[in-house]
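*Asks:* First the structure, which I've put down as structure tokens, then a few questions once you've had a look.
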Amino acid sequence: MAGISQVIIVTKIDEFCPLVNKDLKNVYKSKKIKDKMKECSDFLNTILLLKKFHIHQVKETMSFIVNKWNKWWYGAEFFPNDWRAVNWDSKSKLEDSLRTFTPSNPDVKKLQILLYGPVGAGKSTFINSLLSVFQNRVVSKVKAAAASSTSCTKTYKGFDIKCSPSGTLPLTIFDFMGLEESTEKFHPDDLKNALRGHLPNGYEFTPDKPLSSNDNRYIKNPSEGEETHCLVCVVSANSVSLMTDAVIGRMKIALEEANKLGIPEAVILTMNDQACPAVKYDVKNIYRSKTIKAKMEECSNRLQVPMTCIFPVINYHEEITTNNDTDVLLLLALKQIAHLANDYVEIA
Ligand SMILES: Nc1nc2c(ncn2[C@@H]2O[C@H](COP(=O)(O)OP(=O)(O)O)[C@@H](O)[C@H]2O)c(=O)[nH]1
Ligand SMILES: [Mg+2]
Numbered sequence: 000m001a002g003i004s005q006v007i008i009v010t011k012i013d014e015f016c017p018l019v020n021k022d023l024k025n026v027y028k029s030k031k032i033k034d035k036m037k038e039c040s041d042f043l044n045t046i047l048l049l050k051k052f053h054i055h056q057v058k059e060t061m062s063f064i065v066n067k068w069n070k071w072w073y074g075a076e077f078f079p080n081d082w083r084a085v086n087w088d089s090k091s092k093l094e095d096s097l098r099t100f101t102p103s104n105p106d107v108k109k110l111q112i113l114l115y116g117p118v119g120a121g122k123s124t125f126i127n128s129l130l131s132v133f134q135n136r137v138v139s140k141v142k143a144a145a146a147s148s149t150s151c152t153k154t155y156k157g158f159d160i161k162c163s164p165s166g167t168l169p170l171t172i173f174d175f176m177g178l179e180e181s182t183e184k185f186h187p188d189d190l191k192n193a194l195r196g197h198l199p200n201g202y203e204f205t206p207d208k209p210l211s212s213n214d215n216r217y218i219k220n221p222s223e224g225e226e227t228h229c230l231v232c233v234v235s236a237n238s239v240s241l242m243t244d245a246v247i248g249r250m251k252i253a254l255e256e257a258n259k260l261g262i263p264e265a266v267i268l269t270m271n272d273q274a275c276p277a278v279k280y281d282v283k284n285i286y287r288s289k290t291i292k293a294k295m296e297e298c299s300n301r302l303q304v305p306m307t308c309i310f311p312v313i314n315y316h317e318e319i320t321t322n323n324d325t326d327v328l329l330l331l332a333l334k335q336i337a338h339l340a341n342d343y344v345e346i347a
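According to numbering that gives the first Met the number 0, the sequence shown is numbered sequentially starting from 0.
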């Protein structure tokens with residue numbers, strides 16, 4: 000049976016060591032402090048160091064304690080400040096900016112966003128989460144998988160995001176069939192067809208056969224409004240390290256194809272609540288968690304997508320009500336995607 004957790008708080012470390020008195024950051028450089036900790040650890044193995052409070056050092060000391068606490072409690076290391084600035088009070092401003100967004104090209108009524116990525120990464124749940132934000136309730140319109148081995152999505156379907164009072168946002172999000180480890184349930188040429196606007200909304204995938212240009216469902220001369228304007232890869236933070244080279248390779252082929260056509264790309268990193276317990280506890284920790292930044296960097300390296308195009312979110316996956324902080328992260332990601340897509344359709 001696990002015993003009651005025990006901690007030693009070592010106080011007055013500034014009085015004890017002049018080096019620490021000069022600068023708190025020296026705490027783990029000081030040999031004196033280390034020796035003292037060794038003495039304590041004969042009794043216990045969890046030690047928190049505390050500097051005697053001086054009013055002008057309260058903030059620094061508090062952040063030091065909070066960081067130690069997070070490391071001890073969640074196993075999560077934190078940056079002293081958010082490394083990417085987020086205004087958590089900006090929800091209604093973000094919602095308004097998306098509601099009133101107008102594509103810069105009059106021939107494009109709705110920006111076409113294509114979601115792509117491994118089965119179970121959270122593509123369908125991401126669409127449900129965006130629908131939820133604008134309806135202020137958790138929506139489950141798109142079928143999401145309970146277990147994530149095979150794709151629930153068998154049809155190429157575009158979703159509009161309802162919002163009041165204007166009706167829908169000026170973008171359509173297409174849920175593409177999920178990438179599977181072994182056998183693919185769609186032909187790779189169908190992805191190329193989707194990027195170029197040849198696939199009709201509602202098209203049903205066939206594993207070994209792409210939509211032929213002779214098929215009457217094939218859109219022969221897609222208008223600018225029918226092409227894909229942004230390719231969004233959806234990846235789970237929880238499994239970014241576990242993705243096989245084969246899956247990464249297929250995602251990179253899609254990204255290269257988009258690149259060839261000049262279509263911008265973005266990555267939605269989901270399941271950050273599973274990747275870092277401190278983020279599950281409080282969404283606002285997302286840009287302070289070193290774990291999440293490392294996941295984003297890994298994603299950036301493996302997919303060769305810049306960090307500026309990677310957006311970590313938490314999807315509504317078990318909640319029954321929406322909340323401000325989760326909404327803000329989802330809205331920030333959607334706003335950036337809308338801007339990337341709009342840059343593509345903008346007439347020079
Ligand atoms: N904890 C957590 N679970 C998620 C998140 N996003 C999706 N899920 C769950 O992951 C599973 C697969 O999601 P789904 O949207 O069907 O993946 P898809 O195959 O990419 O469409 C579902 O059980 C979701 O509830 C997230 O951000 N956090
Ligand atoms: Mg799906």
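Yeah, the Cβ is synthetic: ideal placement off N, Cα and C, and Gly gets one too.
1. Rounded C-beta distance between leucine 93 and lysine 334? I'm assuming under 8 Å.
2. Please confirm whether any heavy atom of ligand 2 lies closer than 8 Å to the CB of aspartate 342.
3. Should tyrosine 27 be labelled buried (16 or more other beta-carbon atoms within 10 Å of its own) or exposed?
4. Identify every residue that forms a DSSP beta bridge with cysteine 232.
5. Is the beta carbon of phenylalanine 77 less than 9 Å from the beta carbon of alanine 277?
6. Please classify isoleucine 346: is it buried, with 16 or more other beta-carbons within 10 angstroms of its beta-carbon, or exposed?
7. From which residue to which residue does the alpha helix (DSSP H) around lysine 334 run?
8. What span of residues does the beta strand (DSSP E) with phenylalanine 310 cover, start to end?
9. What distance in whole Å lies between the Cβ atoms of cysteine 16 and serine 29, which are believed to be in contact at a cut-off of 8 Å?
10. Under 8 Å from any heavy atom of ligand 2, does the C-beta of valine 122 make it?
11. Residues bridged to aspartate 159 by DSSP?
12. Expressed to the nearest angstrom, what Euclidean distance is found between the alpha-carbon atoms of glutamate 317 and asparagine 25?
13. To the nearest angstrom, how far is the alpha carbon of alanine 66 from that of glutamate 59?
14. What first and last residue would you give for the alpha helix (DSSP H) that runs through valine 132?
15. Could you check if alanine 340 is buried or exposed, using at least 16 other CB atoms within 10 Å of its CB as the buried criterion?
16. Do the CB positions of leucine 113 and phenylalanine 173 come within less than 9 Å of each other?
17. Using 8 Å as the cut-off, classify the Cβ of aspartate 174 as near or not near the heavy atoms of ligand 2, replying yes or no.
18. Can you give me the start and stop residues for the alpha helix (DSSP H) that isoleucine 252 sits inside?
19. Between threonine 167 and the rest of its own chain, which residues show a CB-CB distance below 7 Å, the 5 nearest in sequence each way excluded?
20. What is the DSSP secondary structure of serine 288, reduced to helix, strand or coil?
21. In angstroms, rounded to a whole number, what distance separates the CA positions of valine 37 and lysine 31?
22. Could you tell me if threonine 325 is buried or exposed, where buried requires 16 or more neighbouring beta carbons within 10 angstroms of its beta carbon?
23. Between the region 227-234 and the region 257-274, can you find at least three pairs of beta-carbon atoms closer than 8 Å?
*Replies:* In this structure, then:
1. About 6 Å separates the Cβ atoms of leucine 93 and lysine 334, confirming a contact at the 8 Å cut-off.
2. Not so, every heavy atom of ligand 2 lies at least 8 Å from the Cβ.
3. Classification of tyrosine 27: exposed, given that the 10 Å Cβ count is below 16.
4. Per DSSP, Tyr115, Val266.
5. For the pair phenylalanine 77 and alanine 277, the CB atoms are nearer than the 9 Å cut-off.
6. exposed
7. 323-344
8. Counting along the chain, the beta strand (DSSP E) containing phenylalanine 310 begins and ends at 309-311.
9. 5 Å
10. Looking at the sequence provided, one finds lysine at residue 122 rather than valine. The nearest non-hydrogen atom of ligand 2 is less than 8 Å from the C-beta of lysine 122.
11. Thr171
12. Glutamate 317 and asparagine 25: Cα-Cα distance of roughly 43 Å.
13. This sequence places asparagine at residue 66; alanine is not what is there. Take the alpha-carbon of asparagine 66 and the one of glutamate 59: they are about 11 Å apart.
14. 122-134
15. buried
16. yes
17. Aspartate 174 Cβ: within cutoff of ligand 2.
18. Following the DSSP letters along the chain, one finds isoleucine 252 inside the alpha helix (DSSP H) bounded by residues 244-260.
19. Asp159, Ile160, Lys161
20. strand
21. Position check: residue 37 holds lysine in this sequence, whereas valine was assumed. Looking at the two C-alpha atoms, the distance is approximately 10 Å.
22. buried
23. yes
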